[in-house]
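Trainee: With our numbering, you'll find the sequence shown wraps up at 103, consecutive numbering, no jumps.
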Amino acid sequence: MMMIPITKPSEALTCREFVELVTDYLEGALTPLLQDQFEFHLSICEGCQIYVEQMRQTLKFLGQLNEAAIPTEGKEKLLATFRAWKQTLPNKAP
Ligand SMILES: [Zn+2]
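Next comes the structure, spelled out in structure tokens:
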């Protein structure tokens, strides 16, 4: 019985597989083997170079958003406004 190899040579990483790994790569979560395959593909594929750059910018942007997320004070105000608004709702039975 023939065994089908699960691991592929590094040059076999497709763009589709690459794209699925980008987030992990940017988070430094890839195994050394996968990272090698990833960086190899990155070095030969211009389309994926652009994609990674876009992802990097997006993650940076999202990171800034998270850090600058609604400050506690603003959140309290928002919640207070929401509570006040809820109280003004007519509370009659159907
Ligand atoms: Zn590619």
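Beta carbons are placed, not taken as given, at the ideal position from N, Cα and C, and that holds for glycine.
Residues in the same chain with beta-carbon distance under 6 angstroms from GLY33, minus the five sequence neighbours each way, listed in chain order, please.
Mentor: Checking the sequence shown, residue 33 turns out to be Asp, not Gly. Counting only Cβ-Cβ distances below 6 angstroms, and skipping sequence neighbours, we find LEU39.
Trainee: Look at the alpha carbon of TYR60 and the alpha carbon of LEU43, and state the distance between them as a whole number of angstroms.
Mentor: Looking at the two C-alpha atoms, the distance is approximately 18 angstroms.
Trainee: From the DSSP output, in three-state form, read off GLU29 for me.
Mentor: Note: GLU29 maps to helix in three-state DSSP.
Trainee: CA-CA distance, PRO41 and GLN63?
Mentor: Approximately 23 angstroms between the Cα atoms of the pair.
Trainee: Would you check if the distance between the CB atom of PHE49 and the CB atom of LEU30 is smaller than 7 angstroms?
Mentor: Contact: no.
Trainee: Taking the C-alpha atoms as reference points, what is the distance between THR97 and LEU68?
Mentor: Going from the Cα of THR97 to the Cα of LEU68 covers about 40 angstroms.
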